[in-house]
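Per my numbering, the very first residue in the sequence shown carries number 40; after that it's consecutive.
This report refers to the structure that appears directly beneath it.
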Amino acid sequence: MKVLVLNSGSSSIKYQFFDMNTKEVLAKGLVERIGMSSAILTHTPTGKEQIKIVGEILDHSIAIEYVIAVLLSKNHGVITDKSEIDAVGHRVVHGGETFSGSVLITDQVMKALVDNIELAPLHNPPNIKGIEACKKHLPNTPQCGVFDTSFHVKMPPHAFLYGIPYELYKKYKIRRYGFHGTSHRFVSERAAILMNKPITETKIITAHLGNGCSMAAIDGGHSIDTTMGFTPLEGLIMGTRSGDMDPSVILHIMAKEELSIQEANTLLNKHSGLIGISGDSSDMREIENGVNEGNKRAKYAFDIFVYRIKKYIGAYTAALGGLDALVFTGGIGENSEMVRREVCKNLECAGIEIDVELNDSRPKGEVLLSKKGSKVNVFKIPTNEELVIALDTEQIVKEQLDSSKE
Ligand code: ADP
40 MKVLVLNSGS
50 SSIKYQFFDM
60 NTKEVLAKGL
70 VERIGMSSAI
80 LTHTPTGKEQ
90 IKIVGEILDH
100 SIAIEYVIAV
110 LLSKNHGVIT
120 DKSEIDAVGH
130 RVVHGGETFS
140 GSVLITDQVM
150 KALVDNIELA
160 PLHNPPNIKG
170 IEACKKHLPN
180 TPQCGVFDTS
190 FHVKMPPHAF
200 LYGIPYELYK
210 KYKIRRYGFH
220 GTSHRFVSER
230 AAILMNKPIT
240 ETKIITAHLG
250 NGCSMAAIDG
260 GHSIDTTMGF
270 TPLEGLIMGT
280 RSGDMDPSVI
290 LHIMAKEELS
300 IQEANTLLNK
310 HSGLIGISGD
320 SSDMREIENG
330 VNEGNKRAKY
340 AFDIFVYRIK
350 KYIGAYTAAL
360 GGLDALVFTG
370 GIGENSEMVR
380 REVCKNLECA
390 GIEIDVELND
400 SRPKGEVLLS
410 KKGSKVNVFK
420 IPTNEELVIA
430 LDTEQIVKEQ
440 LDSSKE
């Protein structure tokens, strides 16, 4: 089976095309600047030269036409007929409370996605446009939705409810949803395999540290708590997001600076976190350079970033009632030895002891970073959200084929 995985944003579509027999990526690419006359499609067939195509790509439907055409193209393509695309898997940001797992897209599912728009007004509409474009150009191809939220949806009420009037949860679905679910699921499953234990017998904390950052407490393969909340703003300090703070702070700032709701939203989502504190950059590499050069504000940003991860490790160890593994993933988690080293420093009391020399040697791939004898296994595991989407899609489509045979 061959599966096309799509991640549709407001002006971009990322794609990867998988051969599920080998789990290999046959081609991947990105359409950028959708809506403009000089949109760009960058296409990389595995093992071949990357090409760039500039064209007038005014909407998602045209973008999908371009993607299909380049997959079919004589010189740069990897298939000879559209029918070789056996299924399409879509990343969908918000599944609300409706979806606790990945699903085959049906009319009923489309309706539920539309109903969930108000929970993710920036992300779900382009996800829906991507699905509609595929329905138009690949009308006979099954499509599946894989949600960022679904892994966390079954958290217990004490973890997902906020301390506000309960009626507001009932009325507006205000609760913790959590995000990065495909990544937390993937790396926790990998950690269980690396520990040679059934996932049902593991207690794992995962730290997905990229531009957006979140942690999850995973008990027996189920997310029981996570740091992101109603939106991705809560929890850890991120590249440009504030993470946790006293909610009164924003009310105070709005009053003092006479900010509109939109401006306050932009302040917290785009101008806070690493960039807000350092005044310099949202990129961890540059923050680390700043720390090494003695820049005081870069050091504040770095220290707050690390401290908050440490606090959640403590909190989630308590929530889980023990800990078998701590997993670092995402651009920072996979690549920043400095963040991993500082996070794990002085956590011997929690059974976490990393091999600093190994950590600092920047080992590649999946690596056990803890010392022999460390009670908790510390891993760095590269995430692969696209593969999770492809695997879920393959499974759903196979189940559907099997049930239609019965
Ligand atoms: P996204 O969340 O957009 O997918 P990534 O997971 O790629 O982003 O993470 C981006 C972050 O990873 C940036 O802050 C970047 O600085 C950081 N990063 C990448 N490589 C390194 C490195 N070698 N050392 C420290 N940070 C790194």
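Even glycine gets a Cβ: it sits at the ideal position worked out from N, Cα and C.
Start-to-end residues for the beta strand (DSSP E) that takes in residue i
{"i": "Phe-186", "result": "182 to 186"}
{"i": "Leu-65", "result": "63 to 71"}
{"i": "Lys-242", "result": "242 to 248"}
{"i": "Thr-356", "result": "Unbroken run through Thr-356 is the alpha helix (DSSP H), 335 to 359; no beta strand (DSSP E)."}
{"i": "Asp-258", "result": "252 to 258"}
{"i": "Asp-58", "result": "52 to 58"}
{"i": "Pro-196", "result": "Where Pro-196 is concerned, there is no enclosing beta strand (DSSP E), although the alpha helix (DSSP H) it sits in stretches over 196 to 199."}
{"i": "Ile-292", "result": "Run containing Ile-292: none in the beta strand (DSSP E); it sits in the alpha helix (DSSP H), 286 to 296."}
{"i": "Leu-45", "result": "41 to 47"}
{"i": "Val-436", "result": "Element bounds for Val-436: not the beta strand (DSSP E) but the alpha helix (DSSP H), 424 to 444."}
{"i": "Asn-374", "result": "Element bounds for Asn-374: not the beta strand (DSSP E) but the alpha helix (DSSP H), 369 to 374."}
{"i": "His-82", "result": "75 to 84"}
Beta-carbon proximity list for residue i, same chain, < 7 Å, skipping 5 on both sides
{"i": "Val-70", "result": "Ser-51, Ile-52, Ala-78, Leu-80, Ile-96, Ala-102, Tyr-105, Val-106"}
{"i": "Gly-48", "result": "Pro-165"}
{"i": "Thr-83", "result": "Ala-66, Lys-67, Gly-68, Gln-89"}
{"i": "Val-382", "result": "Val-345, Ile-348, Lys-349"}
{"i": "Ile-144", "result": "Ile-170, Gln-182, Cys-183, Gly-184"}
{"i": "Phe-269", "result": "Ile-213, Arg-214, Arg-215, Tyr-216"}
{"i": "Val-117", "result": "Phe-56, Leu-65, Ala-66, Pro-84, Leu-110"}
Cβ pair residue i, residue j closer than 9 Å
{"i": "Val-366", "j": "Arg-229", "result": "yes"}
{"i": "Val-109", "j": "Thr-422", "result": "no"}
{"i": "Ser-222", "j": "Ser-189", "result": "no"}
{"i": "Asp-264", "j": "Ala-198", "result": "yes"}
{"i": "His-99", "j": "Gly-184", "result": "no"}
{"i": "Lys-193", "j": "Ser-253", "result": "no"}
{"i": "Val-378", "j": "Met-323", "result": "yes"}
{"i": "Asn-308", "j": "Asp-319", "result": "no"}
{"i": "Phe-56", "j": "Leu-426", "result": "no"}
{"i": "Met-277", "j": "Pro-271", "result": "yes"}
{"i": "Thr-368", "j": "Thr-245", "result": "yes"}
{"i": "Lys-121", "j": "Leu-177", "result": "yes"}
{"i": "Arg-401", "j": "Glu-376", "result": "yes"}
{"i": "His-219", "j": "Ala-255", "result": "yes"}
{"i": "Ser-317", "j": "Tyr-339", "result": "yes"}
{"i": "Asn-163", "j": "His-133", "result": "yes"}
{"i": "Val-42", "j": "Gly-135", "result": "no"}
Residues of its chain near residue i, where Cβ-Cβ distance is below 6 Å and the 5 sequence neighbours each way are ignored
{"i": "Val-406", "result": "Lys-419"}
{"i": "Leu-275", "result": "Cys-252, Thr-266, Gly-282, Arg-347"}
The alpha helix (DSSP H) enclosing residue i, as first and last residue numbers
{"i": "Asn-304", "result": "300 to 309"}
{"i": "Gly-128", "result": "Run containing Gly-128: none in the alpha helix (DSSP H); it sits in the beta strand (DSSP E), 126 to 131."}
{"i": "Thr-266", "result": "Per DSSP, Thr-266 belongs to no alpha helix (DSSP H) and is neither H nor E."}
{"i": "Thr-239", "result": "No alpha helix (DSSP H) contains Thr-239, which DSSP labels as neither H nor E."}
{"i": "Ile-203", "result": "Here Ile-203 belongs to no alpha helix (DSSP H), and DSSP marks it neither H nor E."}
{"i": "Leu-152", "result": "146 to 154"}
{"i": "Glu-327", "result": "323 to 331"}
{"i": "Ile-170", "result": "163 to 176"}
{"i": "Gly-312", "result": "312 to 317"}
{"i": "Ile-107", "result": "99 to 111"}
{"i": "Ile-232", "result": "220 to 234"}
Neighbourhood of residue i by C-beta distance below 8 Å, restricted to the same chain and skipping five residues each side
{"i": "Glu-273", "result": "Arg-215, Thr-266, Met-267, Gly-282, Asp-283"}
{"i": "His-310", "result": "Thr-279"}
{"i": "Gly-390", "result": "Leu-362, Ser-413, Lys-414, Val-415"}
{"i": "Thr-137", "result": "Ala-151, Asp-154, Asn-155"}
If you pair each beta-carbon of the stretch 320 to 330 with each one of the stretch 230 to 244, do three or more pairs fall below 8 Å?
no
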